[in-house]
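Enquirer:
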Amino acid sequence: MNLIRSIISKADRFTTGIIISVVLGLLLPCSGMAATVFDGITNAAIVLLFYLYGVKLSRESVIAGLLNWRLQSMVFFFTFVFFPIVIPLLQPVFEPMVGAALYMGMVYVACLPSTVQSSIAFTSVAGGNVPAAVCSASVSSLLGVFLTPMLVGLLFSHSGASSAQVGVDTILKICYQILLPFVLGQLSQRWLRAWVTGHKTLIGWNDQTTIWLVIYTSFSAATVSGYWAHIAPLQLGGLILVCTIILCLTYTITYFSSKLLGFNREDRITIVFCGSKKSLAVGAPMMLAIFGALDNNLLLPLMVFHQVQLMTCAQLARIWKRNGADNGGY
Numbered sequence: 186m187n188l189i190r191s192i193i194s195k196a197d198r199f200t201t202g203i204i205i206s207v208v209l210g211l212l213l214p215c216s217g218m219a220a221t222v223f224d225g226i227t228n229a230a231i232v233l234l235f236y237l238y239g240v241k242l243s244r245e246s247v248i249a250g251l252l253n254w255r256l257q258s259m260v261f262f263f264t265f266v267f268f269p270i271v272i273p274l275l276q277p278v279f280e281p282m283v284g285a286a287l288y289m290g291m292v293y294v295a296c297l298p299s300t301v302q303s304s305i306a307f308t309s310v311a312g313g314n315v316p317a318a319v320c321s322a323s324v325s326s327l328l329g330v331f332l333t334p335m336l337v338g339l340l341f342s343h344s345g346a347s348s349a350q351v352g353v354d355t356i357l358k359i360c361y362q363i364l365l366p367f368v369l370g371q372l373s374q375r376w377l378r379a380w381v382t383g384h385k386t387l388i389g390w391n392d393q394t395t396i397w398l399v400i401y402t403s404f405s406a407a408t409v410s411g412y413w414a415h416i417a418p419l420q421l422g423g424l425i426l427v428c429t430i431i432l433c434l435t436y437t438i439t440y441f442s443s444k445l446l447g448f449n450r451e452d453r454i455t456i457v458f459c460g461s462k463k464s465l466a467v468g469a470p471m472m473l474a475i476f477g478a479l480d481n482n483l484l485l486p487l488m489v490f491h492q493v494q495l496m497t498c499a500q501l502a503r504i505w506k507r508n509g510a511d512n513g514g515y
């Protein structure tokens with residue numbers, strides 16, 4: 186029960202921070218020199234985020250989780266195959282609800298890796314296979330460094346969107362902004378891991394503050410450029426509905442397909458939580474690297490999807506925790 190309260194508390198803090206960042210970006214946007222300063226702080230925070238992630242990640246957990254190759258294959262399939270196929274296929278159905286520009290944001294969401302912290306936390310609350318969740322979420326983020334740009338280049342070029350320039354320069358930029366800090370963090374584990382483990386609250390604030398900075402700078406730029414005048418309330422409502430439908434569809438298919446393939450209850454929980462999530466923490470920095478700027482048509486769907494997945498996963502975790510045993514459904 187205490188663990189559940191902790192997860193809900195952190196989710197509420199994160200959501201509150203996002204709301205404050207959005208409001209500040211709308212009412213007190215930074216511009217000119219202030220915007221340049223905030224951009225520099227945000228880029229530094231992103232590098233620190235992935236460096237500390239490298240320090241935190243246990244190589245032993247990754248190795249142990251990789252041994253469960255069937256489960257890892259399922260998570261990989263849903264993260265990097267199912268989403269990139271299904272969301273573009275559903276475009277004729279859902280695009281009229283949100284508009285072409287925002288639906289391309291949903292296509293961008295489809296290309297992203299899974300989350301790390303929330304996937305592991307919700308798996309733990311629900312009674313799933315935590316070591317496998319640690320491995321799935323962590324490996325997903327690492328694979329995303331290479332697979333996400335490739336998927337973006339493929340899907341955006343197919344749709345006619347020309348703003349996604351995915352070449353050697355993009356890959357190199359992602360490597361030194363995301364992968365290099367992570368590798369340096371791994372190499373620093375022997376000196377810093379004990380300190381990082383003992384200061385989880387401080388590290389958690391760093392993770393969330395980085396996302397708040399990204400959102401504030403993006404919404405500030407959108408406000409200064411007049412972006413919000415082009416977004417209708419019905420589009421935002423349609424975006425929430427689209428995200429909810431896609432997530433419910435994914436939960437259902439991940440759960441019953443893993444059950445059909447003979448996975449036990451703990452592994453099914455892990456597959457649902459790790460295979461259905463998309464990472465805001467990786468998605469925002471990746472957007473900067475691929476597109477050269479934060480595009481609000483892409484960031485807004487990612488933010489909405491992230492919040493919807495937090496709320497729905499919290500409910501699923503409570504149900505599984507309360508049931509305690511598989512009863513043939515959620």
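Just so we're aligned, residue 186 is where the sequence shown starts under this note's numbering, counting upward by one.
We treat Cβ as the ideally placed atom computed from N, Cα and C, and that holds for glycine.
#1: Comparing C-alpha positions only, which one of F458, A474, Y401 sits nearest to K358?
#2: Can you have a look at Q494 and say buried or exposed, based on whether 16 or more other CB atoms are within 10 angstroms of its CB?
#3: Give the secondary structure of T300 by DSSP, where H, G and I count as helix, E and B as strand, and everything else as coil.
#4: Would you please state the rounded distance, in angstroms, between the beta carbons of P486 and L421? I believe it to be under 8 Å.
#5: Compute the Euclidean distance between the alpha carbons of P207 and L252, then round it to the nearest angstrom.
#6: Any chance the segment 232-242 sits against the segment 360-379, with 3 or more Cβ pairs inside 8 Å?
#7: I need the straight-line Cα distance from L432 to P334, nearest angstrom please.
#8: Figure out for me which residue from L328, V292, W505 has the closest Cα to the Cα of F341.
#9: Short of 7 Å in beta carbon distance, which residues of its chain neighbour A417, apart from the five on each side in sequence? Order them along the chain.
#10: Within 10 angstroms of the Cβ of K488, are there 16 or more other Cβ atoms? Answer buried if so, exposed if not.
#11: Should N449 go down as buried or exposed, given a rule of 16 or more other Cβ atoms within 10 Å for buried?
#12: Go to K516, then tell me how far its alpha helix (DSSP H) extends in each direction, as first and last residue.
#13: Could you check what DSSP says for K462 in three-state terms: helix, strand or coil?
#14: Under three-state DSSP, which class holds S326?
#15: If I follow the unbroken alpha helix (DSSP H) through I430, where does it start and stop?
#16: Considering just the uninterrupted stretch of the alpha helix (DSSP H) at A229, what are its terminal residues?
#17: If I measure Cβ to Cβ from T439 and keep anything under 7 Å in the same chain, skipping five residues before and after, which residues do I get?
#18: I believe A311 touches A499 by the beta-carbon criterion, under 8 Å. Please report the beta-carbon distance rounded to the nearest angstrom.
#19: Starting from the C-beta of S325, find all residues in its chain whose C-beta is less than 6 Å away, skip the five residues before and the five after it, and write them out in chain order.
#20: If we count the other Cβ atoms within 10 Å of its Cβ and call it buried at 16 or more, is F404 buried or exposed?
#21: Pick from F267, T200, Q371: whose alpha carbon is nearest that of Y436?
#22: For P269, does the three-state DSSP call read helix, strand or coil?
#23: Got a sec? Which residues, its chain only, sit under 6 Å from T429 by beta carbon, not counting five neighbours each side?
#24: When burial is assigned at 16 or more other CB atoms within 10 Å of the CB, is V222 buried or exposed?
#25: 8 Å is my cut-off, CB to CB: does K506 come that close to chain C?
#26: Applying the criterion that 16 or more other CB atoms from any shown protein chain within 10 Å of the CB defines a buried residue, is S321 buried or exposed?
#27: Could you tell me which of C360, G239, I204, A229 sits nearest to L516, measuring between CA atoms?
#28: Would you kindly report the start and end of the unbroken alpha helix (DSSP H) that includes F448?
#29: Does DSSP put S173 in a helix, a strand or coil?
#30: Measuring CA to CA, which of G290, P470, E245 is closest to P316?
#31: Is it buried or exposed for L212, if we count other Cβ within 10 angstroms and need 16 for buried?
Expert: This is what the structure gives:
#1: Counting from 1 along the sequence shown, the entry for residue 358 is found at position 173. Closest option to K358, Cα to Cα, is A474.
#2: The sequence position of residue 494 within the sequence shown is 309, counting from 1. Buried is the call here.
#3: To locate residue 300, count along the sequence shown from 1; it is residue 115. In the structure shown, T300 sits in coil (DSSP, three-state: anything other than H, G, I, E or B).
#4: Mapped onto the sequence shown, residue 486 falls at position 301. Mapped onto the sequence shown, residue 421 falls at position 236. Wrong, their Cβ atoms sit about 10 Å apart, outside the cutoff.
#5: Stepping through the sequence shown from its first residue, residue 207 is reached at position 22. Stepping through the sequence shown from its first residue, residue 252 is reached at position 67. The amino acid occupying residue 207 in the given sequence is Val; Pro does not appear at that position. Those two C-alpha atoms are separated by around 42 Å.
#6: The segment 232-242 vs the segment 360-379: in contact.
#7: Within the sequence shown, numbered from 1, the residue matching residue 432 stands at position 247. Within the sequence shown, numbered from 1, the residue matching residue 334 stands at position 149. If you take the alpha carbons of L432 and P334, they lie about 23 Å apart.
#8: Taking the sequence shown and counting its residues from 1, one reaches residue 341 at position 156. Checked all of L328, V292, W505; the closest Cα to F341 is V292.
#9: Sequence index remark: in the sequence shown, residue 417 carries index 232 (1-based). So no residue of the chain qualifies.
#10: Start at 1 with the first residue of the sequence shown, and residue 488 comes out as number 303. The question names Lys, but residue 488 is Met in the sequence shown. M488 comes out buried.
#11: For the purposes of this step, residue 449 is taken as the residue at position 264 of the sequence shown. It counts as exposed.
#12: Residue coverage of the chain in this structure runs from 186 to 515, which leaves residue 516 outside it and unanswerable.
#13: Here the question's residue 462 lines up with position 277 in the sequence shown. In this structure, K462 counts as coil in the three-state DSSP scheme.
#14: Looking up residue 326 in the sequence shown gives position 141. DSSP places S326 in helix when its eight states are reduced to three.
#15: Within the sequence shown, numbered from 1, the residue matching residue 430 stands at position 245. 418-445 is the span of the alpha helix (DSSP H), which, as asked, contains I430.
#16: Numbered from its first residue, the sequence shown carries residue 229 at position 44. A229 -> alpha helix (DSSP H) spans 218-241.
#17: For the purposes of this step, residue 439 is taken as the residue at position 254 of the sequence shown. So the list reads F263, I456, V457, G460, S461, once near-sequence residues are dropped.
#18: For this step, residue 311 is matched to residue 126 along the sequence shown. For this step, residue 499 is matched to residue 314 along the sequence shown. With 8 Å as the limit, A311 and A499 do not qualify as a contact, their Cβ atoms being about 10 Å apart.
#19: Residue numbering aside, residue 325 sits at position 140 when the sequence shown is read from its first letter. T264, P298, S299.
#20: Here residue 404 corresponds to residue number 219 of the sequence shown, with the count starting at 1. By the 10 Å Cβ count, F404 comes out buried.
#21: Position 251 of the sequence shown holds residue 436. Of the listed residues, the one whose Cα sits closest to Y436 is F267.
#22: Here residue 269 refers to the residue found at position 84 when the sequence shown is read from its first residue. For P269, the secondary structure class from DSSP, reduced to helix, strand or coil, is helix.
#23: Your numbering for residue 429 matches position 244 in the sequence shown. Result list for T429: V493, in chain order.
#24: To locate residue 222, count along the sequence shown from 1; it is residue 37. So V222 ends up on the exposed side.
#25: Among the chains of the structure shown, chain C does not appear; only one protein chain is present.
#26: On the sequence shown, residue 321 is found 136 positions in, with the first residue counted as 1. Taking a 10 Å sphere around the C-beta of S321, we find 16 or more other C-beta atoms and assign the residue as buried.
#27: The structure shown does not extend to residue 516, since the chain spans only 186 to 515, so no value can be given for it.
#28: Here residue 448 refers to the residue found at position 263 when the sequence shown is read from its first residue. From DSSP, F448 is part of no alpha helix (DSSP H); its letter is neither H nor E.
#29: Residue coverage of the chain in this structure runs from 186 to 515, which leaves residue 173 outside it and unanswerable.
#30: Here residue 316 refers to the residue found at position 131 when the sequence shown is read from its first residue. Of the candidates G290, P470, E245, the one whose C-alpha sits nearest the C-alpha of P316 is E245.
#31: Within the sequence shown, numbered from 1, the residue matching residue 212 stands at position 27. Around the beta carbon of L212, fewer than 16 other beta carbons lie within 10 angstroms, which makes this residue exposed.
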